[in-house]
Amino acid sequence: MSKAPLLEMKNIKKDFFGNQVLSDINLTIEEGEVVGLCGENGAGKSTLMKILFGADVIRETGGYGGDIILDSQKVSFQSPFDAIAAGIGMVHQEFSLIPGFTATENILLNRESKKKSVLSDLFSDRMDTLDRKDMDRRAIESIEKMGVTIDKNMLISNMPVGHKQFTEIARELSKEQLKLLILDEPTAVLTEKEAEALLDSIRGMSKRGIAVIFITHRLGEILAVCDKVVTMRDGYVVNESATKDTSVQDITKWMVGRDVADSDVAYVTEDTGADKNIIMSIKNLWVDMPGETVRNVSLDVREGEILGIGGLAGQGKLGIPNGVMGLYHSGGTVTFEGKDIPLNNPRKCLDSSFAFVSEDRRGVGLLLDESLEWNVSFPAMQIQDKFLKKYFGGLLKWRDDAAIREVTDKYIEEFKIKCTGSTQKAKELSGGNQQKICLAKAFALEPKLLFVSEPTRGIDVGAKALVLDALKKFNKEQGVTIVMVSSELEELRRTCDRIAIVSGGKVAGILPAGEQLEKFGELMLKNC
Amino acid sequence: MNKINYSDYLRRFSVPLMFVIICAVCAPISGLSPSYLCNEIVTRMGRNAFLILSLLIPIMAGMGLNFSMTLGAMAGEIGLILVSDWQIVGIPGMILAMIVSVPISALLGLFCGKVLNMAKGREMITSYIISFFINGIYQLIVLYLMGPVIPIKHSNIKLPRGYGIRNTVSLLSMRQKLDNLIPLNIGGVKIPVATFIIIFLLCLVIIWFRKTKLGQDMRAVGQDMGVARDSGIDVERTRIISMVLSTVFAGIGMIIYLQNMGNIATYSSHSQIGMFCIAALLVGGASVEKASIGNVFLGIILFHTMFIVAPKAGTVITGDSMIGEYFRVFVSYAVITVALIMYETNKRKNKSKAGEQLALAQEEANE
Chain A
1 MSKAPLLEMK NIKKDFFGNQ VLSDINLTIE EGEVVGLCGE NGAGKSTLMK ILFGADVIRE
61 TGGYGGDIIL DSQKVSFQSP FDAIAAGIGM VHQEFSLIPG FTATENILLN RESKKKSVLS
121 DLFSDRMDTL DRKDMDRRAI ESIEKMGVTI DKNMLISNMP VGHKQFTEIA RELSKEQLKL
181 LILDEPTAVL TEKEAEALLD SIRGMSKRGI AVIFITHRLG EILAVCDKVV TMRDGYVVNE
241 SATKDTSVQD ITKWMVGRDV ADSDVAYVTE DTGADKNIIM SIKNLWVDMP GETVRNVSLD
301 VREGEILGIG GLAGQGKLGI PNGVMGLYHS GGTVTFEGKD IPLNNPRKCL DSSFAFVSED
361 RRGVGLLLDE SLEWNVSFPA MQIQDKFLKK YFGGLLKWRD DAAIREVTDK YIEEFKIKCT
421 GSTQKAKELS GGNQQKICLA KAFALEPKLL FVSEPTRGID VGAKALVLDA LKKFNKEQGV
481 TIVMVSSELE ELRRTCDRIA IVSGGKVAGI LPAGEQLEKF GELMLKNC
Chain B
1001 MNKINYSDYL RRFSVPLMFV IICAVCAPIS GLSPSYLCNE IVTRMGRNAF LILSLLIPIM
1061 AGMGLNFSMT LGAMAGEIGL ILVSDWQIVG IPGMILAMIV SVPISALLGL FCGKVLNMAK
1121 GREMITSYII SFFINGIYQL IVLYLMGPVI PIKHSNIKLP RGYGIRNTVS LLSMRQKLDN
1181 LIPLNIGGVK IPVATFIIIF LLCLVIIWFR KTKLGQDMRA VGQDMGVARD SGIDVERTRI
1241 ISMVLSTVFA GIGMIIYLQN MGNIATYSSH SQIGMFCIAA LLVGGASVEK ASIGNVFLGI
1301 ILFHTMFIVA PKAGTVITGD SMIGEYFRVF VSYAVITVAL IMYETNKRKN KSKAGEQLAL
1361 AQEEANE
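Just so you know, the protein sequences line up as chains A and B, in that order.
Residues 1 to 528 (this note's numbering) make up the first sequence, in order.
Residues 1001 to 1367 (this note's numbering) make up the second sequence, in order.
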């Protein structure tokens, strides 16, 4: 170990507006080493990689603490371009490709081979013509480095997903200075065969001396290809061990294991409601929600229960409520109390006494420029003719401002909403209080079935507890069936009766809330 | 599979096809002789092609149809007005007018590009409104400033009140000077060889431009601004350059157009030119995001054949020549509307395709 490591990250810290997301991260990578990085959503993997890659968002939110040492030199990247120049490449989860360009053109995007032309001297070197032959040569070279075959002349838009992924990797490999490649869930979109080819090419890169950071939820792949596996949880590195000394079970445990000793919450441990009525039955549902695709989901919701839907980000859990409520294009059958509910028609859903608290609070959930009164009463007024005074036998409908104020004040008090009064504008409230308004709005509809999507995303601890308690109370006192989608497993376990885990767009399994954490962990990783 | 391709083609070329049918029906009714028709079409080709070609670059850069090409047309007109006051005639006059127009066009293009960078995704409506705004400034300059501020010597182009420019400025001194520079007459059809050579050169420049680094960058920016930016391309600058080029070309195109016409309608020449050029391009089978040189020429032939035969046919059928005039204005707006609607429906169609695929994959899995 006389040689200095390629990359050292020392005591990396990062907070977003006081919210600590990374604490004291230490990470060392040798030349040609393949490091697997795993952890649940929100464990801090992406943030760590963004820091390393000099992403703009890190600088905009106040930078980071700690040191990054690359090739024995302290570096601090101001932008991704600095990172690229220093030899770091990153393949993001979302493709960064031009659809109408060929593989060659994409691999060499903005780094094309050029020939001088007459106008180059007159204007700038942007008037150089492209040297197609040399571009082809360089593209082939980097595709060969990868060890898989893709057609260099094929348009990206005609390519299968796997080839798109390979094109991205080839682009990174075509950069001469590349020393460290970050792959963020590269196999998530690949078929098994393609994934196998990718793992091969990772091994090849490592032999050439290129170090790889490999982020994936497929733990088997980490074991197959990595030298070292680093597990993160809640902003800490909880474990770092050589791959040969570990197993999928170990990693799963490190990923999900939490200090639950101090919790005095009684979980619902047994599935006691098997004899209850099925109030809603979803069959063969597909939803085309970008980034949250749902495939062939069948799910029964029992009357009066709180059903949790959990899973990792991007696996499709958000797609289920959004698809059923008609916010995204969907297909399949949904029956509620024995009646078919037409899909892609939000109004019909609302008419059938569904309500939905969207994860997109500011976009879908609220009328930001209107008062709290309007926000709370608007859907009820529109859909159920509530809060209206009728004249001439219903010919003329007049808003009942007194009733609206009364109901808004009731919820402001009940949910302890911090505001100057019921006429304050919704956009002026904090995130947690906005969320409470969203709930009030849904409650005012007095639904039979309530979908709640990520109810605690981005709100503080106090508001979180209040929101969850309100949901539970609403469920118990009014007998409303609730389907709650959340990325936080712990929160689901504390609130729900049963939890369905979605993985790869499908329901991987349904467990009682009190089941062991490892079992949930297994289901989460089942199809992804 | 073949059948799907067939209907895809049909949809793609539905607008040109519609015009082929209109022309085929109207041409015999109009009773115009083929040689007259040919002559007219060749003349209009020379007159309009340069202007329409100027639209191609912004489409390549993903900025849609450049309604603000009118800005370049105004710059060209200002150049011509000044040159005709300086009494520089013939080809030198044209060249000088172009030289005068280029910096004005470039400045206007720069302004337009900057504004459009603030209105990404709404380029077309923004550029349309910009053209109205700049038209106001153009009128201010031509109607009030030319005379007191910008010296105009000759009273034959000045309004009788002593300042401002007349409604019509005669370009008799350079009328069709370019067209007739190299005379050629084939079977009674007069061919403006010099004009065609210039148009041909512009086509070559556009083809060559696509092969340059800048052209490649524009294509990248046009397809995905985010990806282009991530790869280090200066998106804003690239878009501004495309607007500047388009406006400058439009200015030169307007000068070629007006030398063929032989006079400037000071306050209206430019106002409809954008609309007619865009309609012609769309008739040629172009779309908001894709247009080729072939579209330009096919568009000119079809659109202008319709332009010539429809009024005649209208007169023959109804005995009223206004009906044809009405028809061609109506059709050019209709074409643009249809093209914009088709652009939106295609986008939506592609979106729902993703859903259909999901449903299909699921069915297969269930079987």
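Even glycine gets a Cβ: it sits at the ideal position worked out from N, Cα and C.
Query                                                                                                                                                           : Result
Would you kindly work out how many angstroms separate the C-alpha atoms of A/Ile29 and A/Ile459, rounded to a whole number?                                     : 36 Å
DSSP three-state label for A/Trp398, please.                                                                                                                    : strand
Indicate, with yes or no, if the ligand ADP has a heavy atom lying under 7 Å from the CB of A/Lys115.                                                           : Here there are no bound small molecules, and the ligand ADP is not part of this structure.
Looking at the unbroken alpha helix (DSSP H) that takes in A/Lys10, where does it start and where does it end?                                                  : Counting along the chain, A/Lys10 falls outside any alpha helix (DSSP H), though it belongs to the beta strand (DSSP E) covering 7-16.
Comparing C-alpha positions only, which one of A/Glu105, A/Ile282, A/Leu429, A/Lys228 sits nearest to A/Lys418?                                                 : A/Leu429
If we count the other Cβ atoms within 10 Å of its Cβ and call it buried at 16 or more, is B/Ile1125 buried or exposed?                                          : exposed
List, in order along the chain, the chain B residues whose C-beta lies closer than 8 Å to that of A/Met605?                                                     : Nothing can be reported for residue 605 of chain A, as the shown portion of chain A is limited to 1 through 528.
My guess is that A/Ala444 and A/Ser377 are in contact by the Cβ rule of under 8 Å, so how many angstroms apart are they, rounded?                               : 6 Å
Give me the chain A residues within the contact set of B/Gln1362, using Cβ-Cβ distance strictly less than 7 Å, ordered along the chain.                         : Asn284, Trp286, Arg295, Asn296
Return the first residue and the last residue of the alpha helix (DSSP H) that A/Lys244 is part of.                                                             : Neither: A/Lys244 is in no alpha helix (DSSP H) and is coded neither H nor E.
Thinking C-beta only, is A/His217 closer than 8 Å to A/Glu185?                                                                                                  : yes
For the stretch 310-332 of chain A, list every residue whose C-beta sits within 9 Å of some C-beta in chain B, in sequence order.                               : Tyr328, His329, Ser330, Gly331, Gly332
If I follow the unbroken alpha helix (DSSP H) through A/Asn610, where does it start and stop?                                                                   : Since the first and last residues shown for chain A are 1 and 528, residue 610 of chain A lies out of range.
Can you confirm whether A/Gly509, when its beta carbon is compared against all beta carbons of chain B, has any partner nearer than 8 Å?                        : no
Are the C-beta of A/Ile88 and some C-beta of chain B separated by less than 8 Å?                                                                                : no
Note down the Cα distance separating B/Arg1416 from B/Ile1081, rounded to an integer number of angstroms.                                                       : Within the shown structure, residues of chain B are numbered from 1001 to 1367, placing residue 1416 of chain B beyond reach of any answer.
Please compile the residues from chain B whose C-beta is within a distance smaller than 8 Å of the C-beta of A/Asn110.                                          : Asp1217, Ala1220, Ala1228, Ser1231, Gly1232, Ile1233
Let me know if B/Val1149 comes out buried or exposed under the rule of 16 or more other beta-carbons within 10 Å of its beta-carbon.                            : exposed
Can you give the Cα-Cα distance for A/Leu395 and B/Thr1345, rounded to whole angstroms?                                                                         : 38 Å
Under a three-way DSSP split, which group does A/Lys234 fall into?                                                                                              : Note that residue 234 of chain A is Asp in the sequence shown, not Lys. Coil at A/Asp234, not helix or strand.
Is A/Lys526 helix, strand or coil by DSSP?                                                                                                                      : coil
Please classify B/His1154 as buried or exposed, where buried requires at least 16 other C-beta atoms within 10 Å of its C-beta.                                 : exposed
Measure the alpha-carbon distance for A/Lys276 versus A/Arg494 and round it to whole angstroms.                                                                 : 21 Å
Within 8 Å (strictly less), CB to CB, does B/Gly1062 reach chain A?                                                                                             : no
Opposite A/Ser371 in the DSSP bridges: which residues?                                                                                                          : A/Lys425
So which residues of chain B does A/Lys114 contact, with C-beta pairs closer than 7 Å?                                                                          : Lys1213
Using the rule of at least 16 other Cβ atoms within 10 Å of the residue's Cβ for burial, across every protein chain shown, is B/Ala1354 buried or exposed?      : exposed
Mark B/Gly1062 as exposed unless 16 or more other C-beta atoms lie within 10 angstroms of its C-beta, in which case mark it buried.                             : buried
Is the separation between the beta-carbon of B/Met1243 and that of B/Pro1058 shorter than 8 Å?                                                                  : yes
Determine which residues share a DSSP beta bridge with A/Gln20 and list them.                                                                                   : A/Asp15
Let me see if you follow: with CB-CB separation under 8 Å, is B/Leu1358 close to chain A or not?                                                                : yes
Short of 6 Å in beta carbon distance, which residues of its chain neighbour A/Tyr236, apart from the five on each side in sequence? Order them along the chain. : Ser23
Measure the alpha-carbon distance for B/Ser1352 versus A/Glu292 and round it to whole angstroms.                                                                : 16 Å
Specify the secondary structure class of A/Phe185 as computed by DSSP and reduced to three states.                                                              : Going by the sequence as given, residue 185 of chain A is Glu instead of Phe. Correct three-state label for A/Glu185: coil.
Check the C-beta distance from A/Leu285 over to A/Met524 and give it rounded, since I have them as a contact under 8 Å.                                         : At roughly 20 Å, the Cβ-Cβ gap does not stay under 8 Å, so A/Leu285 and A/Met524 are not in contact.
Quick one, which residues of the stretch 10-23 of chain A are near chain B if we go by CB-CB under 7 Å, in chain order?                                         : none
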